[in-house]
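Q:
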Amino acid sequence: MRKAARFVLLVFAATFAYAELYYSGLFPRSSASDLAMALFYMWIPGIVAILLHRREGGTFRSLVGRPRWNRWFLFAWLVFPILSFANIPVNLLFPGVEFSLRMGGFLERYRDVLPPEQFAEMAEQLAGNPAIPLLLLVLQGLLAGATVNALAGLGEELGWRGRLNASLEFLGFWPRSLVIGTVWGFWHAPLILRGHNYPGYPVAGVFLMVLWCILLTPVHLLVREKTGSVLAAAVAHGTLNATAGISLVYLVGGHPLVNGLLGASGFLTLALFNLGIWAFRRRVFTDR
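Each residue of the sequence shown is one higher than the last, beginning at 1 in UniProt numbering.
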């Protein structure tokens with residue numbers, strides 16, 4: 001437990017200090033610098049994990065784990081795109097949410113970003129064939145999720161499903177998921193408080209992010225367990241970041257804290273899926 005606490009304290013100290021420095025106004029900001037900031041932010045847990053692991057005589061390879069190249073890598077790659085699609089009918093159970101082939105939810109994300117002429121042109125193109133943009137989103141998400149996004153996600157996974165997971169092995173799967181998910185969620189606080197993921201709801205967003213990360217952790221731990229490596233968790237993490245927006249593409253109306261995989265509907269979808277993980281693990285251990 002002491003190793004876990006030291007790791008968490010170092011990560012939080014470094015991350016929060018870095019975020020405060022970046023947002024202090026001392027440096028000019030742009031969309032490019034925001035992206036660079038987020039990428040380094042994601043790698044702080046990994047950097048701390050590597051330094052602590054090396055200090056104890058461990059190697060980078062032992063921190064990553066020796067991967068077993070099996071079907072669980074495919075599962076890690078596809079699980080979150082599938083859950084994003086599965087969340088659409090769940091989201092429709094909530095009041096005020098409607099299905100729209102005109103991709104209203106997707107368009108709303110760009111209404112305040114694009115000039116009116118470009119926005120109108122994009123809306124017209126999507127109305128002509130709404131399936132093609134969705135297909136491109138899926139293919140782009142799958143490609144990015146297994147490559148550049150996985151590389152970015154690896155920084156977090158070396159920390160959460162690498163160092164922290166190893167430090168908490170004395171706990172069972174579900175208690176470990178709860179602890180890691182809680183830490184992972186609160187680690188996002190500096191970004192959430194500044195409008196990331198839950199714009200307009202900074203304080204509530206922090207606690208919603210914690211709940212979301214708790215619900216996400218069993219999937220990441222499962223693929224880490226089944227493949228023996230954080231690489232699979234990095235692929236899952238990267239693909240999640242690249243495809244979570246699919247859950248909003250065909251939806252209009254509703255509340256921002258309800259819609260999508262990051263909203264209440266997504267929490268319900270993930271909770272149901274975790275029930276499936278619980279049943280699967282119970283059956284496996286019973287068979288043994």
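All C-beta atoms, glycine included, are put in the ideal place defined by N, C-alpha and C.
In this text, all values refer to a predicted model and were calculated from it rather than measured experimentally.
How far does the alpha helix (DSSP H) with Glu56 in it extend, from its first residue to its last?
A: Walking along the sequence shown from the start, residue 56 turns up at place 56. No alpha helix (DSSP H) holds Glu56; DSSP gives it neither H nor E.
Q: To the nearest angstrom, how far is the alpha carbon of Asn274 from that of Pro199?
A: For this step, residue 274 is matched to residue 274 along the sequence shown. For this step, residue 199 is matched to residue 199 along the sequence shown. Looking at the two C-alpha atoms, the distance is approximately 27 Å.
Q: Report yes if the C-beta distance between Arg163 and His53 is below 8 Å; otherwise report no.
A: Counting from one through the sequence shown, the residue named residue 163 turns up at place 163. Counting from one through the sequence shown, the residue named residue 53 turns up at place 53. A contact, by the Cβ cut-off of 8 Å.
Q: For Pro218, count the other beta carbons within 10 Å of its own beta carbon; 16 or more makes it buried, fewer makes it exposed. Which is it?
A: On the sequence shown, residue 218 is found 218 positions in, with the first residue counted as 1. The residue in question, Pro218, is buried, as its Cβ has 16 or more Cβ neighbours within 10 Å.
Q: On a Cα-Cα basis, can you pick out the residue from Met1, Leu39, Phe173, Asn165 that is closest to Arg281?
A: Position 281 of the sequence shown, counting from 1, holds the residue named residue 281. Comparing Cα-Cα distances from Arg281 to each of Met1, Leu39, Phe173, Asn165, the minimum goes to Phe173.
Q: Let me know if Gly185 comes out buried or exposed under the rule of 16 or more other beta-carbons within 10 Å of its beta-carbon.
A: Within the sequence shown, residue 185 is the residue found at index 185, counting from 1. Classification of Gly185: buried, given that the 10 Å Cβ count is 16 or more.
Q: Where DSSP assigns a beta bridge to Ser253, which residues make up the other side?
A: Position 253 of the sequence shown, counting from 1, holds the residue named residue 253. It should be pointed out that residue 253 corresponds to Gly in this sequence rather than to Ser. For Gly253, which the question treats as bridged, DSSP gives the partners Val97.
Q: Counting pairs of Cβ atoms below 8 Å between the segment 215-231 and the segment 75-88, do you hit three or more?
A: Result yes; three or more Cβ-Cβ pairs closer than 8 Å.
Q: From what residue to what residue does the alpha helix (DSSP H) around Ser177 run?
A: As a first step, residue 177 is located in the sequence shown; it is residue number 177 there, counting from the start. Unbroken alpha helix (DSSP H) run through Ser177: 173-187.
Q: Report the three-state DSSP secondary structure of Asn259 (helix, strand or coil).
A: Here the question's residue 259 lines up with position 259 in the sequence shown. Correct three-state label for Asn259: coil.
Q: Do you know offhand how far Tyr201's Cα is from Ala150's?
A: Your numbering for residue 201 matches position 201 in the sequence shown. Your numbering for residue 150 matches position 150 in the sequence shown. Those two C-alpha atoms are separated by around 28 Å.
Q: Taking the CB atoms as reference points, tell me whether Thr15 and Trp187 lie closer together than 8 Å.
A: Mapped onto the sequence shown, residue 15 falls at position 15. Mapped onto the sequence shown, residue 187 falls at position 187. Going by C-beta atoms, Thr15 is nearer than 8 Å to Trp187.
Q: Could you compute how far the alpha carbon of Lys3 sits from the alpha carbon of Ser100?
A: The count along the sequence shown starts at 1 and reaches residue 3 at position 3. The count along the sequence shown starts at 1 and reaches residue 100 at position 100. For Lys3 and Ser100, the distance between alpha carbons rounds to 50 Å.
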